[in-house]
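Chains A and B are the protein sequences, given in the same order. Be aware that the first sequence starts at 9, since it is given in this note's numbering, and climbs by one per residue. Be aware that the second sequence starts at 632, since it is given in this note's numbering, and climbs by one per residue.
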Amino acid sequence: MVDFLMPSLGADMEAGTLVEWLVKPGDRVKRGDVVAVVETQKGAIEIETFQSGQIEKFLVELNSKVPVGTPLAQIRTEGEAKPAAVAPAPPPAPPVAPQRAAPAAPPVTPPAVTPVRAPLPPPVAPTAVAGARASPAARKLAGECGIDLSKVTGSGPGGAITYADVEQHLGAVVAPPEKKRAPGLDLDAMRTAIAAAMARSKREIPHYYLEHQVDVTACEHWLAQKNATLSPDTRLLFGALPIKAVALAARRYPAFNGFYRDNTFEPAQAVHVGVAIAIRGGGLTAPALLDADQLSLDDLMSRMRDLIQRTRAGRIRSSEMSDPTITVSSLGERGVEALYGIIYPPQVAIVGIGKAVTRPWVIDGAIGPRSVITMTLSGDHRVTDGHAGALFLAEIGKLLQEPEKL
Amino acid sequence: MSDIDIRKVVQEELNNIAPEVDMASVDPAADLREALDIDSMDFLNFITAIHHQLNVDIPEIDYPKLITLDGAVAYIVAHLGSSKS
């Protein structure tokens with residue numbers, strides 16, 4: 009039996025609110041399945057399980073805010089026998105944050121985390137979990153309008169309360185324009201999270217900054233030729249090329265790919281490139297394109313498209329939030345020629361991509377017009393020096409000269 | 632399909648990308664990237680949606696012609712049913 013824990017979705021996350029189970033006790037899950045939705049400062053995040061098995065029981069109530077590391081459910085792993093003895097199901101653990109505990113209340117560890125192997129209780133039916141079942145959007149609208157969800161009649165699957173049910177309860181026919189934003193996104197909370205992470209970065213990480221100009225004419229020609237043969241849904245954007253080049257260079261220069269924790273740098277085994285994505289209305293987040301170095305450009309583009317769409321709709325997965333090993337940020341489309349990023353801790357590098365501008369450029373002794381981008385690196389001086397940074401940037405530039413090999 | 636119907640589809644698709652924008656208040660000659668604060672991914676999604684909805688082929692080289700609301704409507708009217716896929 010293993011515990012399914014409230015994951016850490018970034019260095020700045022201390023707690024999260026469990027808002028939805030997407031499975032029920034008795035369901036079989038496999039590694040990577042999305043099993044729950046947790047609301048954090050960064051929005052509603054879909055949480056995946058790292059364990060395969062059968063959901064044994066839930067340990068915390070819906071709508072509970074619990075610290076990172078709190079067991080949310082128990083999963084019976086493959087090969088574990090069902091218990092013969094039948095004991096009454098324990099009540100779900102109490103929520104941590106919503107109500108103030110009595111002064112003498114014990115610590116908030118859920119009762120079922122005991123390592124002692126005892127006869128296991130039978131699975132708890134979904135109805136045993138306190139709190140109305142409601143979609144994150146419904147929950148958010150209800151929260152904003154001060155509606156008690158237990159008084160709303162649900163019309164969704166299994167009686168779940170939908171956004172429309174809450175709207176109907178409100179007597180609202182049309183949501184006001186400011187409510188049209190993606191349901192899982194709270195931009196004020198996101199700003200608080202950005203402030204915490206960036207302030208920590210500037211406090212703790214001794215950044216150094218380098219810039220490197222790269223001729224991307226070959227990339228543009230190659231891209232135009234390739235896209236001319238493709239329908240819009242499979243076309244590539246220029247932005248995919250530097251991401252792939254950074255991922256490949258990070259594999260060759262592992263000191264830029266990993267985490268700095270407890271005064272030690274741990275290089276990451278995989279290359280998960282965080283892609284800085286602007287949220288309409290002022291937010292910013294950088295979820296991961298997992299294993300970006302292993303993806304073909306077509307696959308990378310298709311994953312990036314899906315990631316951006318889900319991010320802007322407030323549906324990011326837990327592995328994408330916690331896993332970036334290096335970040336790429338691009339502001340070229342907004343006319344910015346060079347951006348110097350702030351490293352997202354515990355990562356140790358961020359690469360900035362600027363706008364492609366036509367410049368006079370010397371090739372083989374002759375001057376000609378070329379399309380040039382300014383690429384920057386913000387590096388963590390505790391892990392690397394400018395010399396290594398220069399090699400890393402040069403490698404990215406070199407890879408961009410042969411886009412067909414990316 | 633009339634120009635008015637096409638304009639409606641274009642506005643709807645743009646609204647899917649920028650839901651908080653009142654399309655009636657957008658200057659039909661304004662650069663959509665600035666007026667709606669959309670990026671290249673948003674624009675590609677818009678082109679993809681128009682391709683699927685209206686069966687119009689829009690090669691990348693023609694993107695600049697669709698960068699305003701009026702420009703997009705005029706382009707689509709001229710190329711309606713051009714898609715081979």
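Quick reminder that beta carbons are idealized off the backbone N, C-alpha and C, glycines included. Just so you know, these numbers come straight off a predicted model, no measurement behind them.
Are any of the Cβ atoms in chain A nearer than 7 Å to that of B/Ser656? To locate residue 656 of chain B, count along the second sequence from 1; it is residue 25. By this cut-off, B/Ser656 is not an interface position.
B/Ile689 versus chain A: which residues are under 9 Å apart at the beta carbon? Taking the first residue of the second sequence as 1, we reach residue 689 of chain B at position 58. Neighbours of B/Ile689 on chain A, chain order: Pro240.
Return the chain-ordered list of same chain residues with a C-beta closer than 7 Å to the C-beta of A/Ser330, the five sequence neighbours on each side being excluded. By one-based count along the first sequence, residue 330 of chain A stands at place 322. Taken in chain order, the residues that qualify are Pro15, Ser16, Leu17 and Gly18.
Should B/His710 be flagged as near chain A, meaning a C-beta pair shorter than 7 Å? Taking the second sequence and counting its residues from 1, the one referred to as residue 710 of chain B is at position 79. Taking Cβ atoms only, chain A never reaches closer than 7 Å to B/His710, which makes this a no.
Closer than 7 Å by beta-carbon distance: list the chain B residues that pair up with A/Asn235, in chain order. Looking up residue 235 of chain A in the first sequence gives position 227. Neighbours of A/Asn235 on chain B, chain order: Glu691.
For B/Leu675, go through chain A and note every residue whose CB falls closer than 7 Å to its CB, in chain order. Taking the second sequence and counting its residues from 1, one reaches residue 675 of chain B at position 44. By Cβ distance, chain A contributes Pro240, Arg243 and Leu245.
Could you tell me which chain B residues have their CB closer than 9 Å to the CB of A/Ala321, listed as they occur along the chain? Here residue 321 of chain A corresponds to residue number 313 of the first sequence, with the count starting at 1. Residues of chain B passing the Cβ test: none, with the nearest at roughly 10 Å.
Can you tell me whether DSSP reads B/Ile698 as helix, strand or coil? Residue numbering aside, residue 698 of chain B sits at position 67 when the second sequence is read from its first letter. DSSP places B/Ile698 in coil when its eight states are reduced to three.
Would B/Asp662 pass as an interface residue toward chain A - the criterion being a Cβ-Cβ separation below 7 Å? Working through the second sequence from its first residue, we reach residue 662 of chain B at position 31. No, B/Asp662 does not count as interfacial toward chain A.
Output yes if chain A places a C-beta closer than 7 Å to the C-beta of B/Ile678; else output no. By one-based count along the second sequence, residue 678 of chain B stands at place 47. It does; some Cβ of chain A falls within 7 Å.
What three-state label does DSSP hand A/Met21 in the structure shown? Residue numbering aside, residue 21 of chain A sits at position 13 when the first sequence is read from its first letter. Reduced to three states, the DSSP call for A/Met21 is coil.
Provide the residue span of the alpha helix (DSSP H) that contains A/Arg39, from first to last. For the purposes of this step, residue 39 of chain A is taken as residue 31 along the first sequence, with counting starting at 1. Note, A/Arg39: premise wrong, no alpha helix (DSSP H); not H, not E.
Measure the CB-CB distance between A/Val27 and A/Arg147 and report whether it falls below 7 Å. For the purposes of this step, residue 27 of chain A is identified with residue 19 of the first sequence, where counting begins at 1. For the purposes of this step, residue 147 of chain A is identified with residue 139 of the first sequence, where counting begins at 1. It is a contact, given that the beta carbons lie within the stated cut-off.
Count Cβ pairs between the stretch 283 to 298 of chain A and the stretch 223 to 239 of chain A that sit closer than 8 Å; are there 3 or more? no
Taking three-plus beta-carbon pairs below 8 Å as touching, is the stretch 350 to 363 of chain A in contact with the stretch 258 to 276 of chain A? yes
Using a Cβ distance threshold of 8 Å, determine whether the stretch 236 to 246 of chain A contacts the stretch 272 to 284 of chain A, with at least three qualifying pairs required. no
Could you name the residues of the same chain whose beta carbon sits closer than 8 Å to that of A/Thr366, not counting the 5 residues immediately before and after it, in chain order? As a working note, residue 366 of chain A is residue 358 in the first sequence. So the list reads Pro377, Arg378, Ser379 and Val380, once near-sequence residues are dropped.
By alpha-carbon positions, which one of A/Leu401, A/Met383 and A/Leu30 ends up nearest to A/Ala81? Looking up residue 81 of chain A in the first sequence gives position 73. Of the listed residues, the one whose Cα sits closest to A/Ala81 is A/Leu30.
Whole angstroms are fine: how far does the CA of B/Thr699 sit from the CA of B/Tyr706? To locate residue 706 of chain B, count along the second sequence from 1; it is residue 75. To locate residue 699 of chain B, count along the second sequence from 1; it is residue 68. Cα to Cα, the separation comes out at about 10 Å.
If you measure from the beta carbon of A/Ile316 to each beta carbon in chain E, is any gap under 7 Å? Of the chains in the structure shown, none is chain E; the protein chains are A and B.
List the residues of chain B that A/Glu341 touches, going by C-beta distances under 7 Å, in chain order. If you number the first sequence from 1, residue 341 of chain A lands on position 333. Asp670 and Ser671, listed in chain order.
Just how far apart, CA to CA, sit A/Leu414 and A/Glu56? Taking the first residue of the first sequence as 1, we reach residue 414 of chain A at position 406. Taking the first residue of the first sequence as 1, we reach residue 56 of chain A at position 48. Going from the Cα of A/Leu414 to the Cα of A/Glu56 covers about 30 Å.
Measure how close the beta-carbons of A/Ser209 and A/Ile351 come, nearest whole angstrom, since I'm counting them as under 8 Å. Looking up residue 209 of chain A in the first sequence gives position 201. Looking up residue 351 of chain A in the first sequence gives position 343. That belief holds up - the Cβ atoms of A/Ser209 and A/Ile351 are roughly 5 Å apart, short of 8 Å.
Quickly, what does DSSP pair A/Leu238 with across the bridge? List them, please. Counting from 1 along the first sequence, the entry for residue 238 of chain A is found at position 230. A/Leu238 pairs with nothing; no bridge assigned.
Looking at the strands, I want to know which residues DSSP matches up with A/Tyr217. Taking the first residue of the first sequence as position 1, residue 217 of chain A is located at position 209. Answer is A/Ser386.
Of the choices A/Gly77, A/Asn71 and A/Val10, whose alpha-carbon is the least far from that of A/Gly61? Here residue 61 of chain A refers to the residue found at position 53 when the first sequence is read from its first residue. Of the listed residues, the one whose Cα sits closest to A/Gly61 is A/Val10.
Answer yes or no: do A/Val4 and A/Ile404 have a C-beta to C-beta separation smaller than 7 Å? Nothing about residue 4 of chain A can be reported from this structure: the residues present for chain A run from 9 to 414 only.
Measure the C-alpha to C-alpha separation of A/Ile213 and A/His389 and round it to an integer number of angstroms. One-based indexing of the first sequence puts residue 213 of chain A at position 205. One-based indexing of the first sequence puts residue 389 of chain A at position 381. Each residue's Cα considered, the two are about 7 Å apart.
Is A/Thr319 closer than 7 Å to A/Ile375 when the C-beta atoms are compared? The residue given as residue 375 of chain A occupies position 367 in the first sequence. The residue given as residue 319 of chain A occupies position 311 in the first sequence. The answer is no: Cβ separation not under 7 Å.
Rounded Cβ spacing between A/Tyr261 and A/Leu399 (contact assumed at less than 8 Å): On the first sequence, position 253 is the one that residue 261 of chain A refers to. On the first sequence, position 391 is the one that residue 399 of chain A refers to. Yes, A/Tyr261 and A/Leu399 are in contact; Cβ-Cβ is about 7 Å, under 8 Å.
Straight-line gap, A/Ser386 to B/Val657 (C-alpha atoms, nearest Å): For the purposes of this step, residue 386 of chain A is identified with residue 378 of the first sequence, where counting begins at 1. For the purposes of this step, residue 657 of chain B is identified with residue 26 of the second sequence, where counting begins at 1. Straight-line Cα distance between these residues: approximately 39 Å.
A/Asp196, DSSP secondary structure in three states: Taking the first sequence and counting its residues from 1, one reaches residue 196 of chain A at position 188. Reduced to three states, the DSSP call for A/Asp196 is helix.
Which bits of chain B does A/Ala232 rub up against, with CB to CB less than 7 Å? One-based indexing of the first sequence puts residue 232 of chain A at position 224. In chain order: Glu691.
Using DSSP's beta-bridge definition, name the partner residues of A/Leu13. In the first sequence, the residue the question calls residue 13 of chain A occupies position 5. According to DSSP, A/Leu13 bridges with A/Pro79.
Can you tell me the Cα-Cα spacing of B/Leu675 and A/Asp241, whole angstroms? Here residue 675 of chain B corresponds to residue number 44 of the second sequence, with the count starting at 1. Here residue 241 of chain A corresponds to residue number 233 of the first sequence, with the count starting at 1. So the two alpha carbons sit approximately 8 Å from each other.
Given a cut-off of 7 Å on the beta-carbon distance, is the pair B/Asp634 and B/Val708 in contact? By 1-based counting over the second sequence, the position of residue 634 of chain B is 3. By 1-based counting over the second sequence, the position of residue 708 of chain B is 77. Yes; because the gap between Cβ atoms is below 7 Å, this pair is in contact.
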